[in-house]
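> One structure is given below, represented as structure tokens, and several questions about it will come after.
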Amino acid sequence: MSIKTVSRRGVLKSGAVAGAGLAVPTIFTASSAAAFTNEPTGSSVTLGFNVPQTGAYADEGADELRAYELAVEHLNGGGDGGMLNTFSSKVLNGSGILGKKVEYVTGDTQTKPDAARAAARSMIEKDGAVMITGGSSSGVAVAVQALCQEAGIIFMAGLTHSNDTTGKDKKANGFRHFFNSYMSGAALAPILAKNYGNDRKAYHLTADYNWGYTTEEAVRTSTEAMGWETVAAVKTPLAQTDFSSYVAPVLNSGADVLVLNHYGANMVNSLTSAVQFGLRAAEANGKNFEIVVPLYSRLMARGAGKNVAGIFGSTNWHWSLENVAGAKYAGTNAFVQSFGQKYGFPPSQAAHTVYCQTLLYADAVQRAGSFNPCAVAEALEGFEFDGLGNGPTLYRAEDHQCFKDVLVVRGKENPDNDFDLLEIVDVTPAAQVTYDASIFGGELGSCNPGA
Amino acid sequence: MDAIILQILNGLDKGSAYALIALGLTLIFGTLGVVNFAHGALFMLGAFCTVTLSRILTLSHEVVDPTRKDFLGNPLKVDVPYIYDIFGETTGAAIIDWAVPLSILFAIPVMIGIGVLMERGLIKHFYKRPHADQILVTFGLAIVLQEIIKYYFGANQIPAPAPQAFVGSLDFGAIFGMEPGAIIYPYWRIVYFCFAMVLIGAVFAFLQFTTFGMVVRAGMADRETVGLLGINIDRRFTIMFGIAAAVAGLAGVMYTPINSPNYHMGMDFLVISFVVVVVGGMGSLPGAVLAGFVLGVLESFASMRQVIELLPGVNQVVIYLAAIVILLTRPRGLLGRRGVMED
């Protein structure tokens, strides 16, 4: 019989091994509990809606919030279901997302990148938002997208039109449903050529910031490719309110088309100045002088009143699309009915894009079976869907940009009311506005699940 | 040559807006010694007097038109202004069309009232406080006013077109024997310039040729002595504050067809107006008008494509560059007086 002596060192070693053995499942449990940032553990899940509630784009932000509220209502089984009834994916059944009731918090971007980041950070850190969405400016979208990438949160962009959002500044955690400057140029150019001919001289007035540059470049490239000449391109300060000194020399510049690469108040003011200076009624080079506004916003076009009449532009979506262009764009009428019944007026393109983004996120989570951002991103990448009002659409895996038909619109001569300002002239097929994902540079990087 | 004449016209037009706002600003500073950062908000309130009157004139009742459908497919409800019922459609439409000029009559009492209320209710408590306190309180007031407007009218711009009679442009080139279309200028901007000239002239005439104006000018020079003569100078200064508010408001009323008003338009003009006042000389009324036009013309020339190509970005800083040069060479501004804001 041998007696094994128990040494102090032996006890410590055995204890350490036993402790580690006991701890292993706990570590795994802990790991799975915090596998990604803000993993929902209760019976509800919180989404963060980051929209401009103050500042110049507050009306657009208010329309986005209305659409978000409607989307949440539909996801939780309320209302008439809206586009859930027409969406090609049928995994969402009105019981929230993965059985969890959808709740939301809101932030105010103020259309300032720093304020937007602060609001998003607060919703992520304090409110536990598992996804951030919204915004009405590319500067804000790029800033918030970068924050979400760092934080391990999915970002579903709102209204952002710059090529950079899914170009040089694209991120693996960020997704954009809205179209971009390149698509506007590619969609507009053939219509402009058809209506105004191939022998035109264009004068660009461009807002002096990122979106202005990418839009000018897109329109110039597309129009020059079909034979137009660019006479001049002048940068205008973003804070400019009176554009008379920029517009006045246009008529004597040799140009016969003025392209206003302006958005929001800039667009309203520059277009008003151009019409006041008689450009719409003028002739140059033996042709009627024409004005083009590459990106239209119905909400903001209201500010320009009758001045938009007859002026071409592009838009992501319009409430009359299904009635004008047919059942291919199913979902439009369902959304308009749902939104119109609740709020008394038709939704804007900003409202439409954020509603779609919310449904697309919820659907991706449902299909992935997880809120993990990497699983959601995988479900969204290369996802082809229909029934959300834009016809067949692809969420391209390479740059997280949606590809769908683009609308070319024209200001109505005799609108019936404030919502009836634009008429759809043409719907450009997605194939015609699709480009190589590498042309705008940038790297998606890898998905970040956070914690 | 055409381009130069065109930019001079543009400059005069821009300058008339700057001059009108700066005139009221310097009037308040000259009389009350108050640096009023809410003055831009008064310009904005004037513009919203137009919007308000337009809305009053277009107050409507709904008539269902079964032949047309709304966006939900229901029979369209057409708004018919009550004014059509009262005056008939033709006269009613003409009254609505002339809403902007009619707003002048509406804005004068409203803006004088707002000015007097502002002075009696808030500003008078800050007369003896440092300029920094005055700036803070008036700036705060400006933010409150614009947020109130945003709450009621929204953040987007609201169109307020000129009467049909003034839509279109005048061919200056043809008038002066140049090539047709060489220099065209919008009718309404010409109207705005003429209106500004009349208003500026009226303010100067009021101060120069009336007893009230004489007392105010005396008060501006030496408030205490005028008070010792038994004249209630405070009451006159309150009225001057109301007049300054009305001048800013009328500038806003007539500006609405040039740029559709929004809640922020006052702030857009505020900084530039202060530069105009400082360049013109603190407290100098002719200085404010002169500087308004000088800076307006300079800004227009700096916006020319040829100038921007030569000096990129100059269009964004020209006014401030000019201000630096003028203040370095004439520290009291173009027509500034010794002793103003130098204590």
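From first to last, the protein sequence lines are chains A and B.
The first sequence begins at 1 in the UniProt record's numbering and counts up one residue at a time.
The second sequence begins at 1 in the UniProt record's numbering and counts up one residue at a time.
Even for Gly, the Cβ is constructed at its ideal location relative to N, Cα and C.
#1: Run down chain A in chain order and give the residues with a C-beta less than 9 Å from the C-beta of residue 353 of chain B.
#2: Note down, in chain order, each residue of its chain lying with its Cβ closer than 7 Å to the Cβ of B/LEU53, except the 5 sequence neighbours on either side.
#3: When you compare only the Cα positions, how much space is there between A/VAL427 and B/ILE123?
#4: State the start and end residues of the unbroken beta strand (DSSP E) segment that holds A/VAL425.
#5: Measure the alpha-carbon distance for B/ARG129 versus B/ASN36 and round it to whole angstroms.
#6: How would you write the range of the beta strand (DSSP E) that B/LYS69 sits in, first residue to last?
#7: Name the residues in the region 84-111 of chain B whose C-beta lies less than 8 Å from a C-beta of chain A; which are they?
#8: Hey, is B/GLY40's beta-carbon within less than 9 Å of any beta-carbon in chain A?
#9: Does any C-beta atom of chain B lie closer than 9 Å to the C-beta of A/ASP80?
#10: At a Cβ threshold of 9 Å, is B/PHE71 touching chain A?
#11: Measuring only the C-alpha atoms, how far is B/ALA3 from A/SER253?
#12: Going by C-alpha distance, which of A/ALA274, A/ALA151 and A/THR236 is nearest A/ALA118?
#13: Does the Cβ-Cβ distance between B/VAL281 and B/LEU335 come in under 9 Å?
#14: Against chain A, with Cβ distances strictly below 9 Å, would B/HIS61 count as a contact?
#15: Would you mind sorting A/PHE277 into buried or exposed? The rule is 16 or more other CB atoms within 10 Å of its CB.
#16: Just the C-alpha distance for B/ALA245 and A/GLN110, rounded to the nearest angstrom, thanks.
#17: Evaluate the contact criterion for the region 260-268 of chain B versus the region 136-146 of chain B: three or more CB pairs, one atom per stretch, below 8 Å.
#18: Using only the alpha-carbon positions, how far apart do B/VAL226 and A/PRO52 sit?
#19: For A/TYR203, I'd like the list of residues in its chain whose CB is within less than 6 Å of its CB, leaving aside the five on either flank, ordered along the chain.
#20: Straight-line CA distance for B/MET220 to B/LEU199?
#21: Quick one: measure Cβ to Cβ for A/PHE312 and A/LEU188, integer angstroms, because I've assumed they're closer than 8 Å.
#22: Spell out the partners DSSP gives A/ALA60 in its beta bridges.
#23: Just checking my contact of A/TYR60 with A/LEU299 at CB under 8 Å: how many whole Å lie between their CB atoms?
#24: Say whether chain B places a C-beta atom closer than 9 Å to the C-beta of A/TRP211.
#25: On the DSSP letters alone, give me the boundaries of the alpha helix (DSSP H) that B/VAL271 sits inside.
#26: In the DSSP assignment, what residue or residues form a beta bridge with A/LYS235?
#27: What in chain B is Cβ-close to A/MET83, meaning under 8 Å?
#28: What residues match up with B/PRO81 in a beta bridge as DSSP calls it?
#29: The alpha helix (DSSP H) spanning A/VAL247 covers which residue range?
#30: Rounded to the nearest angstrom, how far is the Cβ of B/PHE237 from that of B/THR26, given a contact under 8 Å?
#31: Closer than 7 Å by C-beta to A/TYR68: which residues in its own chain qualify, once you throw out the five before and the five after it? Chain order, please.
#32: Which residues share a DSSP beta bridge with A/GLN401?
#33: Of the residues that make up the region 241-260 of chain A, which ones have a beta carbon closer than 8 Å to any beta carbon in chain B?
#34: Between A/VAL268 and chain B, is the shortest Cβ-Cβ distance under 9 Å, so that the two count as touching?
#35: Is A/GLY96 near A/GLY77, with beta carbons less than 9 Å apart?
#36: Under 9 Å, Cβ to Cβ, is there at least one residue of chain A near B/MET214?
Put simply:
#1: Nothing can be reported for residue 353 of chain B, as the shown portion of chain B is limited to 1 through 343.
#2: Residue mapping note: residue 53 of chain B aligns to position 53 of the second sequence, counting from 1. Once the five neighbours on either side are set aside, the close Cβ partners of B/LEU53 are ALA99, LEU102, SER103 and PHE106.
#3: The residue given as residue 427 of chain A occupies position 427 in the first sequence. The residue given as residue 123 of chain B occupies position 123 in the second sequence. Answer to the nearest angstrom: the Cα atoms are 58 Å apart.
#4: Translated into positions along the first sequence, residue 425 of chain A becomes position 425. Its beta strand (DSSP E) spans residues 422-428.
#5: One-based indexing of the second sequence puts residue 129 of chain B at position 129. One-based indexing of the second sequence puts residue 36 of chain B at position 36. Approximately 13 Å, taken between the alpha carbons.
#6: Stepping through the second sequence from its first residue, residue 69 of chain B is reached at position 69. In the DSSP assignment, B/LYS69 falls within the unbroken beta strand (DSSP E) covering 60-69.
#7: Listed in sequence order: no entries.
#8: Taking the first residue of the second sequence as position 1, residue 40 of chain B is located at position 40. B/GLY40 does not count as touching chain A.
#9: On the first sequence, position 80 is the one that residue 80 of chain A refers to. False, the Cβ-Cβ gap to chain B never drops below 9 Å.
#10: The residue labelled residue 71 of chain B in the question sits at position 71 within the second sequence. Output row for B/PHE71: interface = yes.
#11: Here the question's residue 3 of chain B lines up with position 3 in the second sequence. Here the question's residue 253 of chain A lines up with position 253 in the first sequence. One C-alpha to the other measures close to 10 Å.
#12: On the first sequence, position 118 is the one that residue 118 of chain A refers to. A check of alpha carbon separations from A/ALA118 across A/ALA274, A/ALA151 and A/THR236 identifies A/ALA151 as the nearest.
#13: Translated into the one-based positions of the second sequence, residue 281 of chain B becomes position 281. Translated into the one-based positions of the second sequence, residue 335 of chain B becomes position 335. Inspection of the sequence shows that residue 281 of chain B is occupied by Gly rather than by Val. Yes, Cβ-Cβ distance for B/GLY281 and B/LEU335 is below 9 Å.
#14: As a first step, residue 61 of chain B is located in the second sequence; it is residue number 61 there, counting from the start. Chain A contact via Cβ: absent.
#15: Sequence index remark: in the first sequence, residue 277 of chain A carries index 277 (1-based). Its Cβ being crowded by 16 or more others within 10 Å, A/PHE277 is buried.
#16: The residue given as residue 245 of chain B occupies position 245 in the second sequence. The residue given as residue 110 of chain A occupies position 110 in the first sequence. Cα-Cα distance, rounded: 30 Å.
#17: yes
#18: Here the question's residue 226 of chain B lines up with position 226 in the second sequence. Here the question's residue 52 of chain A lines up with position 52 in the first sequence. Put simply, the backbone Cα of B/VAL226 is about 52 Å away from that of A/PRO52.
#19: Walking along the first sequence from the start, residue 203 of chain A turns up at place 203. Contacts found: VAL231, ALA232, VAL250, SER253, ALA255 and LEU258.
#20: The residue given as residue 220 of chain B occupies position 220 in the second sequence. The residue given as residue 199 of chain B occupies position 199 in the second sequence. For B/MET220 and B/LEU199, the distance between alpha carbons rounds to 21 Å.
#21: Translated into the one-based positions of the first sequence, residue 312 of chain A becomes position 312. Translated into the one-based positions of the first sequence, residue 188 of chain A becomes position 188. Yes, they are in contact, since the Cβ atoms of A/PHE312 and A/LEU188 sit about 7 Å apart, within 8 Å.
#22: Position 60 of the first sequence, counting from 1, holds the residue named residue 60 of chain A. According to the sequence provided, residue 60 of chain A is Glu. The question's Ala does not apply to it. Beta-bridge pairing links A/GLU60 to no other residue.
#23: Translated into the one-based positions of the first sequence, residue 60 of chain A becomes position 60. Translated into the one-based positions of the first sequence, residue 299 of chain A becomes position 299. A quick correction: the sequence has Glu, not Tyr, at residue 60 of chain A. About 6 Å separates the two Cβ atoms, so the contact holds.
#24: Mapped onto the first sequence, residue 211 of chain A falls at position 211. Cβ-Cβ to chain B under 9 Å: no for A/TRP211.
#25: Locating residue 271 of chain B in the second sequence gives position 271, counting from the first residue. Taken as a continuous stretch (DSSP letters only), the alpha helix (DSSP H) holding B/VAL271 covers 265-280.
#26: In the first sequence, counting from the first residue as 1, residue 235 of chain A sits at position 235. Note: A/LYS235 sits in a beta bridge opposite A/THR206.
#27: For the purposes of this step, residue 83 of chain A is taken as the residue at position 83 of the first sequence. By Cβ distance, chain B contributes nothing, its closest Cβ being about 16 Å from A/MET83, past 8 Å.
#28: Looking up residue 81 of chain B in the second sequence gives position 81. Paired residue(s): B/SER60.
#29: For this step, residue 247 of chain A is matched to residue 247 along the first sequence. Per DSSP, A/VAL247 belongs to the alpha helix (DSSP H) from 244-247.
#30: The residue you call residue 237 of chain B lines up with position 237 of the second sequence. The residue you call residue 26 of chain B lines up with position 26 of the second sequence. Not really, about 14 Å apart at Cβ, beyond 8 Å.
#31: If you number the first sequence from 1, residue 68 of chain A lands on position 68. PHE49, TYR104, VAL354 and THR358.
#32: Within the first sequence, the letter at position 401 stands for residue 401 of chain A. Note: A/GLN401 sits in a beta bridge opposite A/ARG176.
#33: THR241, ASP242, SER244, SER245, TYR246, ALA248, PRO249, LEU251, ASN252 and SER253
#34: One-based indexing of the first sequence puts residue 268 of chain A at position 268. Taking Cβ atoms only, chain B reaches closer than 9 Å to A/VAL268, which makes this a yes.
#35: Here residue 96 of chain A corresponds to residue number 96 of the first sequence, with the count starting at 1. Here residue 77 of chain A corresponds to residue number 77 of the first sequence, with the count starting at 1. Yes, these two residues count as a Cβ contact at 9 Å.
#36: What you label residue 214 of chain B is simply residue 214 of the second sequence in a count that begins at 1. No, B/MET214 lies away from the interface with chain A (no Cβ there is under 9 Å from its Cβ).
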